[in-house]
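All you need for this note's numbering is the position in the sequence shown, starting with 1, plus 439. Report on the structure given below.
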Amino acid sequence: MTLLIFCYLLYQFVNISPGFPQGSPSSPPPGSLVGVYAQLSRAVERRDWSQALRLVDLLLQRSPDPAQRQELENYRLALESHRSADGDPPPPQWPLLHKPFVGEFPVTNLFDHDMPLGEKDGNGRFVSGQGQVWLPGPLHPCGKSDGHAGYDWAMPVGTPILATASGRVTLARQEPQFLCPSLGRPVRGLRVRIRHEPAGLETLYAHLSQIRVQEGQRVAAGDVIGLSGDSGCASGPHLHFEVRRLDQTNSGQPAPVDPYGWFGSDLDPWSLHPLGAESLWLWQVGQAPSLGVCWQAQQFSSHPQ
Ligand SMILES: [Zn+2]
440 MTLLIFCYLL
450 YQFVNISPGF
460 PQGSPSSPPP
470 GSLVGVYAQL
480 SRAVERRDWS
490 QALRLVDLLL
500 QRSPDPAQRQ
510 ELENYRLALE
520 SHRSADGDPP
530 PPQWPLLHKP
540 FVGEFPVTNL
550 FDHDMPLGEK
560 DGNGRFVSGQ
570 GQVWLPGPLH
580 PCGKSDGHAG
590 YDWAMPVGTP
600 ILATASGRVT
610 LARQEPQFLC
620 PSLGRPVRGL
630 RVRIRHEPAG
640 LETLYAHLSQ
650 IRVQEGQRVA
660 AGDVIGLSGD
670 SGCASGPHLH
680 FEVRRLDQTN
690 SGQPAPVDPY
700 GWFGSDLDPW
710 SLHPLGAESL
720 WLWQVGQAPS
730 LGVCWQAQQF
740 SSHPQ
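Okay, here's the thing in structure tokens:
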């Protein structure tokens, strides 16, 4: 509740600043409801049905988007029926992100919940969002790079890359040169970062061939921010997409999170790490890019209890 009040106050503050879109205080943007969605996720995990239903009703009161309200009504019915059958309900959705591209592309690398810190990881383990553990490697279909902080989708060079939510472009340039271990040479890729307020999130789009936005520019969900490519530390054309939480992290510093959330039977190791943060499902209804065979592989061979 404290978070909700904080988000509301932040929204009020943002709204009086020049240059930001104006809105009615009675219809806060979806981002200000994130605290309620987080509480709802936890209530469903605890199977606290009365609390979950109360939170759904609260979201229904506060959601201005008719499509989202319809989705919440459906979710309320699902909760009711699962309560009577004592089954596992689907996780609640936290409506924020749109797809970063049109269509579907094969996912080639998932988020590593073990320690998504790239070069600083190196522990040789990969933990998927389903809690499945494997050894990462170049031939693994879903987890090639240890410590991967985002999702990779293989796609042709020149595919339009779209902003996943409204926000402000905080970075749109070539990254500083660094030695790419897999290529064995120095590289400088093109990347775009967008800050999404008041949700307290950032999204990153890397390996672009072209950038179509400028730093400081405001973008809406679905705006073309650049074209995909293979610039930087990439062995082939793909989009690297990453989400970072800016607040409510264990260290107080920004931390990468999995936009598909956590579905493992144990606790999420990254949510327990001193530098980590809790991952939640962040996709708007029908907007999550398919995880294809990687998702199915995880569904069929879940982490043993
Ligand atoms: Zn990547």
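Ideal placement from N, C-alpha and C gives every residue a C-beta, glycine not left out.
Distance between L574 and G557 (C-alpha atoms, nearest Å):
Using only the alpha carbons, I get a separation of about 15 Å.
Just checking my contact of G582 with L622 at CB under 8 Å: how many whole Å lie between their CB atoms?
Not quite, the Cβ-Cβ distance comes to about 19 Å (not below 8 Å), so this is no contact.
Have a look at the DSSP bridge pairing and note the partners of F565.
The secondary-structure analysis by DSSP pairs F565 across a beta bridge with W573.
Contacting residues, own chain, Cβ-Cβ under 6 Å from N689 (five flanking each side not counted)
Taken in chain order, the residues that qualify are P713 and G715.
Per-residue DSSP class, three states only, for C733:
C733: helix per DSSP, three-state reduction.
Could you tell me the distance, in whole angstroms, from the CA atom of L666 to the CA atom of G561?
Going from the Cα of L666 to the Cα of G561 covers about 31 Å.
Just confirm the distance between the C-beta atoms of G703 and L719, as a whole number of angstroms; I'd bet it's less than 8 Å.
In fact, because the Cβ distance is near 14 Å, the residues do not count as touching under 8 Å.
Spatial neighbours of G597 in its chain, beta-carbon cut-off 6 Å, leaving aside the 5 residues before and after
If we look at G597 and ignore the five residues flanking it on each side, its Cβ neighbours are L666.
Considering only heavy atoms of ligand 1, does any lie closer than 7 Å to the CB of G589?
G589: yes, Cβ under 7 Å from ligand 1.
Within 8 Å, strictly: CB atoms of W488 and R522:
In contact: W488 and R522 (Cβ atoms closer than 8 Å).
Using a threshold of 8 Å, state whether the C-beta atoms of G606 and E636 are closer than that.
Using a Cβ distance threshold of 8 Å, G606 and E636 count as a contacting pair.
Can H679 be considered in contact with ligand 1, in the sense that its beta carbon sits closer than 7 Å to one or more heavy atoms?
At least one heavy atom of ligand 1 is nearer than 7 Å to the Cβ of H679, so yes.
Would S674 be called buried (16 or more neighbouring beta carbons within 10 Å of its own) or exposed?
If you draw a 10 Å sphere on the C-beta of S674, you find fewer than 16 other C-beta atoms in it, and that means exposed.
Buried/exposed call for V732, threshold 16 Cβ in 10 Å:
A residue is called buried once 16 or more other Cβ atoms fall within 10 Å of its Cβ, and V732, having fewer, is exposed.
Residue from Q509, Q507, R508 and A517 with nearest C-alpha to A491:
Cα-wise, what sits closest to A491 is A517.
Rounded straight-line distance, which links the Cα of Y644 to that of H679:
Each residue's Cα considered, the two are about 6 Å apart.
From the DSSP output, which residues share a beta bridge with D591?
Listed as beta-bridge partners of D591 by DSSP are N548 and H679.
Under the rule that 16 or more other beta-carbon atoms within 10 Å means buried, what is P615, buried or exposed?
Sixteen is the threshold: since fewer than 16 other Cβ atoms of the shown chains lie within 10 Å of the Cβ of P615, the residue is exposed.
For S718, name the three-state secondary structure that DSSP assigns.
Assigned with DSSP and collapsed to three states, S718 falls in coil, not helix or strand.
For P708, the first and last residue of its enclosing alpha helix (DSSP H):
Taken as a continuous stretch (DSSP letters only), the alpha helix (DSSP H) holding P708 covers P708 to L711.
Do Q726 and H537 have their C-beta atoms within less than 8 Å of each other?
Going by C-beta atoms, Q726 is nearer than 8 Å to H537.
Assuming L685 and L618 form a contact by the criterion Cβ under 8 Å, report the distance between their Cβ atoms to the nearest whole angstrom.
29 Å between Cβ atoms; not a contact.
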